[in-house]
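Asker: Chains as they are written, first to last, in the numbering used here: chain A, 1 to 413; chain B, 1001 to 1306; chain C, 2001 to 2373.
Where a beta carbon is used, it is the ideal one built from N, C-alpha and C, also for glycine.
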Amino acid sequence: MVRSRSSVQVLVGVLSLTLSAALATTSAGCDKLRGKKKKPAPSASPSASASPSPTPGGEGGTILIGEFGSMTGAEASFGESTHKGIELALEHINAKGGVLGKQLKLKSYDDAGNPEQATAVVTKLVTDDKVTAILGEVASNLSIAGGQVAQDSGTPMISPSSTNVQVTKDRDHVFRVCFIDPFQGFAMAKFTTETLKHTKAAILRDQTQSYSQGLADAFKDAYVKMGGSIVADESYSKGDKNFNSQLSKIKAAKPEVIFLPGYYSDVATIAKQARQLGLKLPLLGGDGWDSPELFQIGGQALDNTYFSNHYSHEEPRDAVKVFVGDFQKKFGIIPDGLAALGYDAAMLLADAMRRAGSTDKKAIRDAIASTKDFPGVTGTITIDAERNSQKPAVILKIEGGKASYVASVAPTP
Amino acid sequence: MSFFFGLLLVGFVQGCLYALIALGYTLVFGILQFINFAHSDVVMLGAWFAWKYAQWMGVSFSVISIGTSLGILGLSVLSCAAVGFTIERLAYRPLRHAPRINILITAIGVSLFLENFTQLPYVFGSRDKAMPQLLDVYAGFDVGGVRVQYFQIITVVFAFALMALLSLLVYRTRLGRAMRAISFDTRTASLMGIPTGRVIAYTFVLGSALAAAAGILTGVAFGSLSQPSSTSWIRFGLKAFICAVVGGIGSIEGAVAGGLLIGITEQLAGGYISSSYADAIVFGVLILVLMVRPSGIFGVTMREKV
Amino acid sequence: MTGTLKGLLPIAIGIAILFVFQAVGGPSMFGAYQEDALLVIGINIVLGLSLNIVNGFTGQFSIGHAGFMALGAYAGGAITYYGAIKLWGSYPPELPPGTGDLLFVVALVCAGLVAAGAGYLVGLPSLRLRGDYLAIVTLGFAEIIRIIITQTEPVLSKQEVSQHSTLSLFKYLGGKSIFDRIPRVTNFFWVYSVVLIVIVVCYRLKQSTHGRAMLSVRENEIAAEAMGVHTTRFKVRAFVMAAFFAGVAGGLYAMKLGNLDANRFDFQRSFESIVMVVLGGMGSISGVCLAAVLVTYAPYLLRDVGLDQYRMVIYSLSLVVLMVVRPQGLFGMHEAWTVFAGEAGRRRWQSFIGTPKRWYLGVRAYARKVVGT
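1) Is there at least one Cβ from chain C nearer than 8 Å to Leu19 of chain A's Cβ?
2) For the beta strand (DSSP E) holding Gly2281 of chain C, just list the boundary residues, first then last.
3) Buried or exposed for Ser237 of chain A, going by 16 or more other Cβ atoms inside 10 Å?
4) From the beta carbon of Lys2369 of chain C, is the nearest beta carbon of chain B less than 8 Å away?
5) Counting contacts by CB-CB distance shorter than 8 Å, is Ala2032 of chain C in contact with chain A?
6) Residues of chain A with a CB under 9 Å from the CB of Leu1008 of chain B: which are they?
7) Tell me, to the nearest whole angstrom, how far the beta carbon of Leu142 of chain A is from that of Ala118 of chain A; I am working on the premise that it is less than 8 Å.
8) Specify, as a first and last residue, the run of the alpha helix (DSSP H) that Gly2026 of chain C falls within.
9) What does DSSP give as the partner residue(s) for Glu2272 of chain C in the beta ladder?
10) So with Cβ pairs under 8 Å, would you call Asn1036 of chain B a contact of chain E?
11) Scan the segment 245-256 of chain A for residues whose Cβ lies nearer than 7 Å to a Cβ of chain C and list them as they occur along the chain.
12) Who are the neighbours of Ser77 of chain A on chain B, taking C-beta pairs under 9 Å?
13) Can you say whether Gln1119 of chain B is buried or exposed, counting buried as having 16 or more other CB atoms within 10 angstroms of its CB?
14) Does the distance from the C-beta atom of Val2020 of chain C to that of Gly2119 of chain C stay below 8 Å?
15) Can you pull out the residues from the segment 2170-2189 of chain C whose beta carbon lies closer than 8 Å to at least one beta carbon of chain A?
16) Per DSSP, what kind of secondary structure is Glu386 of chain A in: helix, strand or coil?
17) Decide if Ala1164 of chain B is buried, meaning its Cβ has at least 16 other Cβ atoms within 10 Å, or exposed.
18) Indicate the three-state DSSP secondary structure (helix, strand or coil) for Lys220 of chain A in the structure shown.
19) Using the C-alpha atoms, what's the distance from Phe374 of chain A back to Ala187 of chain A?
20) Where do the N-terminal and C-terminal ends of the beta strand (DSSP E) with Ser358 of chain A fall, by residue?
21) Would you say Ile1273 of chain B reaches chain C, if we count a Cβ-Cβ gap shorter than 8 Å as a contact?
22) Out of A:Gly61, A:Gly401, A:Leu106, point me to the one whose CA is closest to Asn304 of chain A's CA.
23) Should the segment 2017-2033 of chain C be called in touch with the segment 2224-2237 of chain C, which here means at least 3 C-beta pairs below 8 Å?
24) Over the uninterrupted alpha helix (DSSP H) stretch that includes Asn94 of chain A, give me the two end residues.
25) For Tyr1277 of chain B, return the contacting residues in chain C, with the cut-off set at a CB-CB distance below 7 Å.
26) Would you check if the distance between the CB atom of Arg365 of chain A and the CB atom of Pro182 of chain A is smaller than 8 Å?
27) Under 8 Å, do Ser81 of chain A and Leu338 of chain A count as touching if we go by C-beta distance?
28) Looking at the C-beta of Gln982 of chain B, does it have a partner C-beta in chain A at a distance below 8 Å?
29) With Thr123 of chain A as the anchor, note down where its alpha helix (DSSP H) starts and where it stops.
30) Closer than 8 Å, CB to CB, is Gln276 of chain A near chain C or not?
31) Can you check whether the CB of Gly228 of chain A is closer than 8 Å to the CB of Lys254 of chain A?
32) Verify the CB distance criterion: does Gly57 of chain A have a CB-CB separation below 8 Å to chain B?
33) Please report the residue range of the alpha helix (DSSP H) in which Glu194 of chain A lies.
34) Would you give the residue range spanned by the beta strand (DSSP E) that Tyr1122 of chain B belongs to?
35) What number of angstroms, rounded off, separates the C-alpha of Leu2087 of chain C from the C-alpha of Tyr2074 of chain C?
36) Going by C-alpha to C-alpha distance, which of A:Ile334, A:Pro261, A:Val126 sits closest to Gly185 of chain A?
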């Protein structure tokens, strides 16, 4: 008994020692962190930022820009597309003399679709490579992981295509050039109720993807507000191939449309199985559909389906024509939405650098924040107070193995 | 009622696919007592080889002739058999006398290698692709409100034919007897003059061929191929492994029973309970079965002796 | 008394040193990138060592370790996130100075306890199951845990928290999307204090009667039973201890990264931990530590030399090669300091590194095995 009591005493002693040590460390650590983190509230005027800090990123004639993306792993195709878009943008920028008389140089790292690695590579970009700004990530969880590091180090970051709301929330150095899930959900709900005039929808979501969950919830909210009703809300997990039980349940609920906020290969497989079950109704979806493989996998099952996207490569605008033409020349494939967004992110960054007139991170951040009516491939981009971009969504209809432009839904507050 | 039978039918077809893969796990486990984690990657390779061969032959995505279909199937099955043979030679055989956990880690290594190597841009690439349609997946007929597709019938017939062939092989041939002898006691079997090395190699070849067939059938049934390192393949393999365990690993009837049980459970759970928890329910069934019968449904409980 | 002191003294001294190191800003001398790597390494050491208690010491085969880590991560994250809001009304990650660590310690302990509870539940089936059957059940439990977490509602903001009771907050763990804005309190001092504690606990355990009993279960369960070892009790204990430390590792992870995605805790993470244990040598504490360092740091290293694209290919191949070359793991079941001590150690060191002749013989033996029938 004596033994056990004394051991308890020692334990208490050590614990209290640890705790007091802890307290001291935190106050030191916290202040250090705070010092780094405390930034003045985001102001839209670039003039407020004339702090003479040592110019980061590249020496002499180059400005170094960092990129992180999933080049390997399960999401490798996203990283590849985005990377190609960014590469093309840099080629265009540098061919026109670069920015501020300097050439842009890209340093990109693979995060393998892993948030720990995303944190690590963004840290490396910021501290070792000393990049001026960061472009990165498609998957929202990776943008959040990397964005936190960018935020803490005061480096501006533009996510090309993370649509989850949380990505830019409370991080005043993180921006994006794509629209956000609530808007996309709203656009699709509006299109369904006003154009297709259907008021009974079913949802089949990927419960393992925050993208799919966010978009499904956004659609649900908007749709119910517009007077529609959700008759079935089913889910699957990433990697599932057999959607029969979910579709059977949906069929029994007799919806007029099915909303499928997933990625292209899942969606195309679902479309096929839905048609096999005799569900001939329209299928709706979001930007995750955008891929040439969608049509190959889905084939005729995709007739009578609609999805919202960032852009259509058939849009008759000049910016789109130039981008699609050059992209095809360079890579031999038609660019998807991710490539277009990667391109826009890099272009917008270069534009902000020009407007900032320096490579000071703070000045660039402020310049990005004050972006207004930037003519991008994916539409006219205005960065709002939440650091999201306000721009229209395009709605495409698939018929006969081809997606064609149907309508644009403008952002309404 | 047609709702129920619809689920049952699809569950049954899915169960046949699981069973084909589960047989590969069960064969290897029965003989070497280790979980071949690379098995699901052989399934993946089967489907992707078929895709690659179809590309080379210039097969379009519309429905193609039966001859070409069988040709692609045969080539792909042969290639996978060769891959299975190579894996066994290079990675597992040198570890024959090492602790089982080492072979397991090696299997994880092989699995990661196959996934990440074939994902490289110049092998298969990292995009999900469309599977060439070796069968028409829409043609079918109605029975009392339940839609039956011809490809489902073909899948079931094909799967059962393969299983029947396998059990003939295991129970009626010399090779099969040798396999059973090894699974009973490797040392004694080799003392009785059975060339254990060769028989084990045959086992891998067989298992891989079945896996390839299952991979192709899956690809055709669903029309899409997840990219090589997608979790889709691993999860598919994992489910099949669960089937093997539920049925009693090492037992051929067990693999089939487990496959059908899990395939149907999955559908019914998704249809009647909740699609979000369907996977959790499958694992729940697994745990329950093992609580009641610690060696699976058809498994033989071995008394360990000192 | 002396026994207890002997165990606690190294921890106290070590923590004091770490504290001073952190206070003078030691970790920052590595540079932020390397410091980040060090934190991840530390967390993986804790993870590997905890699994080592089940797989290494007790010889039970668990492949569901990620489930415990997930529980710890979400419990720890929820406690610091909601705790900060409830107690100080502060919106994470902005915490009042000094409060973060207090909460952090509570959160880590709770994370460990939650996971340990689950460990007890998972340990129970080991009463009946053996070998691979147990393995697949642990994996099943881990997947069920992950699926349940994915069903939780999005995290509440500061304003919303006040409308909910404290208990109901556990419905809002952000499993559906991402649990963001967890205060990032984990630092070098904390990670390596935990590493230190775990190492000492494992080392003392290995030397103790408990540890010996566990090892006996691993070596021969029936013989152990015959010698009067209550095998099931030790198996369950091993599971509970391992789960506790895995939970702590999860807590450290959550508060290092600042955000959680439930799908990162799938079976692939469990496999990663198993690789560390087997690579290090089942039961060898220093071996597992070294393996954790190697496995974790390899991606960083390959990135630095520009082999990003082939990282996983190289990793997987070296895994196979290492298993073929050193089936017993880096140190077998020995410890680094006993492996290389004395005359026997010198010989072991030679066999560890080998000579050109040995390498040649090894390759030849391998080739023979491959070619032979």
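Answerer: Let me lay it out:
1) The predicted model places Leu19 of chain A with a pLDDT of 41, which falls under 50 and marks its position as unreliable; any figure quoted below should be read in that light. By this cut-off, Leu19 of chain A is an interface position.
2) Counting along the chain, Gly2281 of chain C falls outside any beta strand (DSSP E), and DSSP gives it neither H nor E.
3) Label assigned to Ser237 of chain A: buried.
4) yes
5) yes
6) Simply none; closest approach about 10 Å.
7) 4 Å
8) Per DSSP, Gly2026 of chain C lies in no alpha helix (DSSP H) and is assigned neither H nor E.
9) For Glu2272 of chain C, which the question treats as bridged, DSSP gives no partner whatsoever.
10) Included in the structure are the protein chains A, B and C, with no chain E among them.
11) Listed in chain order, the positions of the segment 245-256 of chain A with a beta carbon within less than 7 Å of a beta carbon of chain C would be empty, since no residue qualifies.
12) Residues of chain B passing the Cβ test: Gly1125, Ser1126, Arg1127, Asp1128, Gln1227.
13) By the neighbour-count criterion, in which a residue is buried when 16 or more other Cβ atoms sit within 10 angstroms of its Cβ, Gln1119 of chain B is buried.
14) no
15) Lys2176, Ser2177, Ile2178, Asp2180, Arg2181, Arg2184, Val2185, Asn2187, Phe2189
16) coil
17) exposed
18) helix
19) 21 Å
20) That residue, Ser358 of chain A, is in no beta strand (DSSP E); it is neither H nor E in DSSP.
21) no
22) A:Gly401
23) no
24) 76-95
25) Neighbours of Tyr1277 of chain B on chain C, chain order: Ile2147.
26) no
27) yes
28) Since the first and last residues shown for chain B are 1001 and 1306, residue 982 of chain B lies out of range.
29) 115-123
30) no
31) no
32) Its pLDDT being 46, under 50, Gly57 of chain A is placed unreliably in this model, and the coordinates cannot settle the point.
33) That residue, Glu194 of chain A, is in no alpha helix (DSSP H); it is neither H nor E in DSSP.
34) Neither: Tyr1122 of chain B is in no beta strand (DSSP E) and is coded neither H nor E.
35) Taking the straight line joining both Cα atoms gives about 19 Å.
36) A:Pro261
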